[in-house]
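Engineer: Got a structure for you, written out below as C-alpha cells; questions coming shortly.
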Amino acid sequence: MREVKLNQINKELKRLKKEIEHNKKKIEEIDRQEEEIDKEKEGFDKEKERDKIKSKKFLSNMSLFIPAFLVRLLEDAFESKCLNSFYNRYKDRKVNMILYSFFMRIAFIIDIVYLITCMIIVLPVYKINKFIKDVNSD
4 MREVKLNQIN KELKRLKKEI EHNKKKIEEI DRQEEEIDKE KEGFDKEKER DKIKSKKFLS
64 NMSLFIPAFL VRLLEDAFES KCLNSFYNRY KDRKVNMILY SFFMRIAFII DIVYLITCMI
124 IVLPVYKINK FIKDVNSD
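Using our numbering, count along the sequence shown one by one with no gaps and you end on 141.
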C-alpha cells in the first residue's frame with residue numbers, strides 16, 4: 004500500500020516537473036517575443052521620428068516651391084501660348100516686334116510680381132521655421 008502511494012507521488016512529481024519545464028519554456032518564449040516587440044517599437048519610434056523630420060523638411064521646401072512653381076507655370080503658359088500664337092500670326096509684319104515687346108514687358112512684370120510674392124510668402128515662412136527650430140533646440 005505504501006509503495007503504491009510512493010509510486011503515485013513519484014508519478015505526480017514527474018508530471019509536475021514536466022509541467023514546470025513546459026511552463027519555463029513558455030515563459031522564455033514570451034520573454035523573447037516581448038523583446039522582439041520592444042525592438043520593433045524602438046525601430047518604429049525611430050522611423051516615426053524620421054518621418055516627422057522628413058515631413059517638416061518637405062513642408063518647408065514645399066512652401067518655397069509652390070509659389071515659384073505656380074508662377075513659373077503661368078509664365079510659361081502665357082509666354083508659349085501668347086508669344087507663339089502672335090509670332091506665328093504676324094510673322095511677316097512689323098506689328099510682330101511691337102506685340103513681342105509688349106508681351107515681353109508683361110512677362111517682365113509677371114517676374115517682378117513673382118519676386119514680390121515670393122518675398123511676401125517666403126520670408127514669414129522662413130522666420131516661422133527658424134523660430135520653430137529655435138524653440139525645438141531649447
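Ideal Cβ placement from N, Cα and C applies to all residues, glycine included.
Reducing DSSP to helix, strand and coil, say where residue 2 ends up.
Structural biologist: The structure shown does not extend to residue 2, since the chain is modelled only from 4 to 141, so the question has no answer here.
Engineer: Suppose you measure from the CA of residue 121 to the CA of residue 139; what does that come to, to the nearest Å?
Structural biologist: So the two alpha carbons sit approximately 26 Å from each other.
Engineer: When you compare only the Cα positions, how much space is there between residue 42 and residue 35?
Structural biologist: In a straight line, the C-alpha of residue 42 is about 11 Å away from that of residue 35.
Engineer: State the Cα-Cα distance for the pair residue 45 and residue 133, rounded to the nearest angstrom.
Structural biologist: When rounded, the distance between both Cα atoms is 29 Å.
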